[in-house]
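Worksheet for the structure shown next.
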Amino acid sequence: MQPYRCRNVLIEGVTILRSPMWEIHPVECENVTVRRVNISSHGPNNDGCNPESCRDVLLEDCVFDTGDDCIAIKSGRNAAVVKMKMKNLLTGAGMESVYKADEKFELLVLERKEVTYSYFADPLYVFMDAEFNQYEIEKDDLEDVMKFIEDGMSDVCEATFYNDKVISVELPTTIVREIVYTEPSVRGDTSGKVMKTARLKNGAELQVSAFCEIGDSIEIDTRTGEYKSRIKA
Numbered sequence: 087m088q089p090y091r092c093r094n095v096l097i098e099g100v101t102i103l104r105s106p107m108w109e110i111h112p113v114e115c116e117n118v119t120v121r122r123v124n125i126s127s128h129g130p131n132n133d134g135c136n137p138e139s140c141r142d143v144l145l146e147d148c149v150f151d152t153g154d155d156c157i158a159i160k161s162g163r164n165a166a167v168v169k170m171k172m173k174n175l176l177t178g179a180g181m182e183s184v185y186k187a188d189e190k191f192e193l194l195v196l197e198r199k200e201v202t203y204s205y206f207a208d209p210l211y212v213f214m215d216a217e218f219n220q221y222e223i224e225k226d227d228l229e230d231v232m233k234f235i236e237d238g239m240s241d242v243c244e245a246t247f248y249n250d251k252v253i254s255v256e257l258p259t260t261i262v263r264e265i266v267y268t269e270p271s272v273r274g275d276t277s278g279k280v281m282k283t284a285r286l287k288n289g290a291e292l293q294v295s296a297f298c299e300i301g302d303s304i305e306i307d308t309r310t311g312e313y314k315s316r317i318k319a
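Spelled out as structure tokens, the structure:
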């Protein structure tokens, strides 16, 4: 008896005598209940119940008299699996999980659109597309990029929509920002290996090369939030 990839399986009131091998062997099933089952098989390979790679298995009021294991839980270790790193677009939280290689997922349709930043009306950031349609997104949903958003910026961003609502905004991979304050440059240091703190127009701070000065424009990698290079005038 081998249900395969089934849900809500109920095996009840069954008597099995002298079976040549395994008796009940559910594979990759969910919510399996085995109730009032009597098994009497004394062969050398006779197991009673062998749930393999199953979830939520309940054995209740059963009698197993077998020649091998009465209950043998198999993990399915040899099955191909895929390890995935994911990000929740609604909360920004990251997670890792493992799935079977043939696991199926529901397809969600996301729309992407180019937008530019307009203004901030606490707690909402407002963006506009090429047709002058405005879209609002809360600052909590922009945590990853908020430190690089500033008034007057012209960067073309990409907004992601789900159910007609903006759920995230991504800046270009590389952006250019101006340094409004940093300590004086170290004379003679042009290697770029020595770093110091610099402040941008919106108050965000990051580490830049020691030869950078106030008024310099610098390139920033928005994926890491790190300084890339100074833009030569």
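When we follow this note's numbering, the leftmost residue of the sequence shown carries the number 87, and every step to the right adds one. Ideal placement from N, C-alpha and C gives every residue a C-beta, glycine not left out. Note that the structure is a prediction, hence the values are computed from the model and not measured.
**Message:** Let me check understanding here. Comparing Cα to Cα, which of Phe150, Lys251, Gly311 lies closest to Ser105?
**Reply:** Answer by Cα proximity: Phe150.
**Item:** Tyr248: first and last residue of the uninterrupted beta strand (DSSP E) it sits in
**Value:** 243 to 248
**Request:** Closer than 6 angstroms by C-beta to Ser102: which residues in its own chain qualify, once you throw out the five before and the five after it? Chain order, please.
**Result:** The sequence shown places Ile at residue 102, not Ser. Answer for Ile102: Glu109, Ile125, listed in chain order.
**Prompt:** Which residue from Lys225, Arg316, Gly311, Ala296 puts its Cα closest to that of Asp302?
**Reply:** Arg316
**Request:** Tell me, to the nearest whole angstrom, how far the beta carbon of Lys173 is from that of Glu182; I am working on the premise that it is less than 8 angstroms.
**Result:** Not really, about 11 angstroms apart at Cβ, beyond 8 angstroms.
**Request:** Would you tell me roughly how many angstroms separate the C-alpha atoms of Asn131 and Asn117, rounded to the nearest one?
**Result:** 26 angstroms
**Request:** In angstroms with no decimal places, state the Cα-to-Cα distance between Phe206 and Glu229.
**Result:** For Phe206 and Glu229, the distance between alpha carbons rounds to 14 angstroms.
**Request:** Look up Phe234 in the DSSP assignment and say whether it is helix, strand or coil.
**Result:** helix
**Prompt:** Would you say Glu312 touches the ligand HEM, meaning its beta carbon is less than 8 angstroms from a heavy atom?
**Reply:** In terms of ligand content, the structure shown is empty, and the ligand HEM therefore cannot be addressed.
**CA-to-CA distance, Lys186 to Leu145, given in whole angstroms** = 25 angstroms
**Message:** Among Val231, Asp147, Asn249, Phe234, whose alpha-carbon lies nearest the alpha-carbon of Leu194?
**Reply:** Asn249
**Assigned secondary structure, Leu286 (DSSP; H/G/I helix, E/B strand, else coil)** = strand
**Prompt:** Measuring CB to CB, does Lys199 end up less than 9 angstroms from Glu244?
**Reply:** In contact: Lys199 and Glu244 (Cβ atoms closer than 9 angstroms).
**Request:** Using the Cα positions of Thr152 and Cys115, report the straight-line distance between them to the nearest angstrom.
**Result:** 23 angstroms
**Request:** With 9 angstroms as the threshold, decide whether the Cβ of Val123 is near any Cβ in chain B.
**Result:** No chain B is part of this structure, which consists of one protein chain only.
**Message:** Let's see if you can read the secondary structure: which residues bound the beta strand (DSSP E) around Thr119?
**Reply:** 116 to 121
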